[in-house]
Amino acid sequence: MGAAAALGGLAAVPVVGRLFRLGSANAAPSKAQDIQILQVVMQLEFAQVAFYERALREAGLKGDLREFAQTSLGHEREHLSAIRGALGAKTVARPKMEFGAKTKSPNAFIAAATELEDLAVAGYNGQATNLTKHTLAAAAEIVSVEARHAAWVRAIAGEVAAPDPVDKPITAQEFAQGLRQFGVKS
Amino acid sequence: MTMDPFERFDEFLAEADSDGALRETRSRAEARMSRVGLLGLGISGAGALLFARTPAARAAALPAGDVDILNYALVLEYLQASFYTEAERSGALTGKTAQAARVVGATERAHVKAFLELLGSKAVKRPTFNFQGVTEAQRPFLKTAVGFEDLAVAAYKGQATKLQSNAVLAAAVGIHSVEARHAAWMRELFGITPAVKAFDPAASRSQINRIVSRTHFIVAKPKMKVRRKPKFTG
């Protein structure tokens, strides 16, 4: 739990903005900005936990796919708990989520899990230069696990598991938008 | 043949002379890489300097500490690129493993090329490798690939917080996560869990150097004048 411990070192700083403000969160790294970023990241981790929980109940996952979903769910729960600990009083509420058909069949699950894990990688990567070094070190321990999940589910599906030579980052605004498109309602 | 690979590995990193020669097959990954651009990852301002037209100007714009870290990463990328290239050429790989080796090898070669372009005359040269036969059979290949990729993930992570240039950091994290994808892919093919823990730990340079030295894969410091492809071990 190195990342959890590292994240726990964040001091509570008043939050100036919410998600919409983060689109321009590219000022010099600060603890206040870390908190804003972690609040978006927390939404992602909420979404991942809920997505895998629901898929394990509804998607009829078997064999390798079920093992993937169970293992990933465990990881996402640990990520969520680490981020909750880091944010302390600044945690965001669990958003409402609507995943539609994404958790209703193995094939839909594969496509959606790939999309969500890729979104996580791009979202974390996009914030690397906006985070303080302290929080970056913790986020780096998480992002590569999300990348492993993305490759794992692709490999199970028989797809090219690492299609690009470099992962393209997205902005915080694109990250939040990606979450909304995936079914995160707030 | 090898006396002290650990010492040599550090020598490679200190080696600052290079003509930047790289004769790798131009691949799809390379083409994609140059389209994306290692530093064209949505970073402006601080990164703008790095788009200078000549390699010398680009390298001069990099903080010295970043050059050092990039050269360290370059040695790891050389190691991986040579490993996959040799495995591909050995003809020992089949099926999904052969396909993965092609894709991952092309990516590692693209990383090498991108680092060479970025570092210009400050790039270290390619060491001579001897993969001790592990590229000549599927199981040893996969086992080594898992080791290399997990190592690369830990190595990039260990340096991320030390980089000064935001442009270099943005590029490095984009490569870091690709190495994690490779690690998971190779693990899946080898038949072990692709993602063991919720948090992937970082490794320091000395930890990485110790591990690499134990493999005895790096057998000689780079030749100053001779340009050649990675040697076969068979």
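Quick mapping for you: the protein sequence lines, in order, are chains A and B. Be aware that the first sequence starts at 1, since it is given in my numbering, and climbs by one per residue. Be aware that the second sequence starts at 187, since it is given in my numbering, and climbs by one per residue. Beta carbons: idealized from backbone N, C-alpha and C, even for Gly. Predicted model, so just to flag it, every value in this text is computed and none were measured.
{"query": "Range of the contiguous alpha helix (DSSP H) that encloses ALA338 of chain B", "result": "324-346"}
{"query": "Coil, strand or helix - ILE83 of chain A by DSSP", "result": "helix"}
{"query": "Reference ARG57 of chain A; option with closest CA among A:GLN181, A:ARG77 and A:PHE109", "result": "A:PHE109"}
{"query": "Three-state secondary structure (DSSP) of VAL166 of chain A", "result": "coil"}
{"query": "Contact list for GLU374 of chain B against chain A, beta-carbon separation under 8 Å", "result": "ALA151, TRP152, ALA155, ILE156 and ALA161"}
{"query": "6 Å Cβ shell around LEU80 of chain A - same chain, five flanking residues per side excluded", "result": "GLU45 and VAL49"}
{"query": "Residues near GLU365 of chain B in its chain [Cβ-Cβ closer than 7 Å; skip 5 each side]", "result": "GLU335, ALA338, VAL339 and TYR342"}
{"query": "Cβ-based burial, HIS297 of chain B [other Cβ within 10 Å; buried from 16]", "result": "buried"}
{"query": "C-beta neighbour in chain B for ALA193 of chain A, strict 9 Å", "result": "Here chain A has residues from 1 to 186 only, and residue 193 of chain A is not among them."}
{"query": "ILE394 of chain B - DSSP class collapsed to helix/strand/coil", "result": "helix"}
{"query": "Chain A contacts made by the segment 246-276 of chain B, where a contact means CB separation under 9 Å", "result": "none"}
{"query": "Nearest-angstrom beta carbon gap, THR129 of chain A and ALA59 of chain A [assumed within contact, 8 Å]", "result": "Going by Cβ atoms, the distance from ALA59 of chain A to THR129 of chain A rounds to 37 Å, so no, they are not a contact pair."}
{"query": "Residues of the segment 332-353 of chain B with Cβ closer than 7 Å to any Cβ of chain A, in chain order", "result": "VAL339, LYS343, ALA346, THR347 and ASN352"}
{"query": "Three-state class that DSSP yields for VAL160 of chain A in the structure shown", "result": "coil"}
{"query": "Chain B contact for VAL143 of chain A (CB, 9 Å cutoff)", "result": "yes"}
{"query": "Counterpart residues of THR314 of chain B in DSSP-defined beta bridges", "result": "B:ALA406"}
{"query": "Reference GLY319 of chain B; option with closest CA among B:ALA245, B:VAL405 and B:PHE327", "result": "B:PHE327"}
{"query": "Pair within 9 Å by beta-carbon distance, PHE315 of chain B and ILE404 of chain B", "result": "yes"}
{"query": "For LEU349 of chain B and ALA357 of chain B, the rounded distance between their alpha carbons", "result": "11 Å"}
{"query": "ALA278 of chain B versus B:ASN352, B:VAL354 and B:THR321, residue with shortest Cα-Cα distance", "result": "B:THR321"}
{"query": "Cross-chain neighbours of THR379 of chain B in chain A, by beta carbon under 8 Å", "result": "THR71"}
{"query": "PRO106 of chain A at chain B interface by Cβ criterion, 9 Å", "result": "no"}
{"query": "GLY74 of chain A at chain B interface by Cβ criterion, 9 Å", "result": "yes"}
{"query": "Three-state secondary structure (DSSP) of VAL92 of chain A", "result": "coil"}
{"query": "Close beta carbons around GLU115 of chain A, own chain, < 6 Å, minus the five adjacent residues each side", "result": "none"}
{"query": "Bounding residues of the alpha helix (DSSP H) (the contiguous stretch that carries VAL382 of chain B)", "result": "Run containing VAL382 of chain B: none; DSSP gives neither H nor E here."}
{"query": "Separation of HIS75 of chain A from HIS362 of chain B, as counted between CA atoms", "result": "19 Å"}
{"query": "Closest Cα partner of ALA292 of chain B within the set B:GLN393, B:ARG312 and B:THR271", "result": "B:THR271"}
{"query": "Distance CB(LEU248 of chain B)-CB(LEU256 of chain B) smaller than 9 Å", "result": "yes"}
{"query": "VAL121 of chain A beta carbon less than 9 Å from that of ALA139 of chain A", "result": "no"}
{"query": "is_contact[ALA284 of chain B, chain A] using C-beta, thresh 9 Å", "result": "no"}
{"query": "Residue span of the alpha helix (DSSP H) that contains ILE35 of chain A, given as start and end", "result": "31-58"}
{"query": "Under 7 Å from the C-beta of SER363 of chain B: neighbouring residues of chain A", "result": "VAL121, ASN125, VAL143, SER144, ALA147 and ASP167"}
{"query": "Amino acids of chain B, ordered along the chain, whose beta-carbon sits closer than 9 Å to that of LEU116 of chain A", "result": "Per Cβ cutoff of 9 Å: no residues; LEU116 of chain A is ~14 Å from chain B at best."}
{"query": "9 Å Cβ cutoff, PRO387 of chain B in contact with chain A", "result": "yes"}
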